Amino acid sequence: MTILIILAHPNETSFNHAIADRAHKTLSANGHTVIFHDLYKEKFEPALPGEEIQRDVTLPEEIARHCSEAAEADGIIVVHPNWWGMPPALLTGWVDRVMRPGLAYEFVEGDDGEGVPVGLLKAKKAMVFNTSNTYEERENRVFGDPLERIWRDCVFDLCGVKETTRKVFRVIVTSTQEEREAWLHEVEQSITTLFPTEP
-9 MTILIILAHP NETSFNHAIA DRAHKTLSAN GHTVIFHDLY KEKFEPALPG
41 EEIQRDVTLP EEIARHCSEA AEADGIIVVH PNWWGMPPAL LTGWVDRVMR
91 PGLAYEFVEG DDGEGVPVGL LKAKKAMVFN TSNTYEEREN RVFGDPLERI
141 WRDCVFDLCG VKETTRKVFR VIVTSTQEER EAWLHEVEQS ITTLFPTEP
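In terms of the working numbering, the sequence shown opens at residue -9 and continues consecutively.
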């Protein structure tokens, strides 16, 4: 299988980077082909230009490559921190520019965009790893865990990915080395469960 990993964290020493690295190594060890993007390191341009909104346009080479990779991946893994209950703006921009109509989703004939689209992505499984400095009880009681809705319902399900698994590691700011090692082991286990070893 070909698995796409999208990482969005500006600090290369962050636990998000450790998660993405462990995910990459686990998938490779399990015999999968990995496509990896560190959006901050690559200086991905998140602003969606007005001319890209139209469906039948010639996309910049970098964006066209991201679109093709997302469309053809057998699975998608996203790694990012919880910032204000949202993904980093850079990652939101990646969704804006890459999850395009006609590629990630399509409206049925006769629908001018007011209905419910049909998902087109090849991937049927996705995994999201988040880090947070908010305790789970407060996250659910006060904020309602918006990232769960964003990824499961607003992005992946809409684009045809019917199985979305999400793991949240918290509280990062006060975590110990032992806790982080245990969490990375959990990353390995979760990935192997969702994307087993290739025969």
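A virtual CB, placed ideally from N, CA and C, is assigned to each residue, including glycine.
All values derive from a computational prediction rather than experimental measurement.
Assignment of beta-bridge partners to E153 by DSSP yields K115. Of the residues C144, E96, E171 and R139, the one whose Cα lies closest to the Cα of I9 is E171. For D86, the closest of F34, E62, R128 and V163 by C-alpha to C-alpha distance is F34. Residue nearest to I25 within the set F5, E41, E59 and R12 is E59 (criterion: CA-CA distance). In this structure A54 is exposed. Its beta-carbon is surrounded by fewer than 16 other beta-carbon atoms within 10 angstroms. Per DSSP, the unbroken alpha helix (DSSP H) holding G83 starts and ends at A79 to V88. Between the alpha carbons of F97 and P91 lies a gap of roughly 8 Å.
In this structure, N123 places its C-beta atom within 9 Å of the C-beta atom of I162. Per DSSP, the unbroken alpha helix (DSSP H) holding L174 starts and ends at Q167 to L184. DSSP places F26 inside the beta strand (DSSP E), whose first and last residues are T23 to D28. Non-local C-beta neighbours of A63 in its own chain, meaning closer than 6 Å and more than five positions away in sequence, comprise T(-8), L(-6) and A113, ordered along the chain. In the three-state reduction of the DSSP assignment, I162 falls in the helix class. Between H70 and N6, the gap from beta carbon to beta carbon is short of 9 Å. Residue state for P136 is assigned as helix, using DSSP reduced to three classes. Three or more beta-carbon pairs separated by less than 8 Å are not found between the region 135 to 149 and the region 177 to 185, which leaves the two stretches without contact.
One alpha carbon belongs to D28, the other to L93, and they sit about 22 Å apart.
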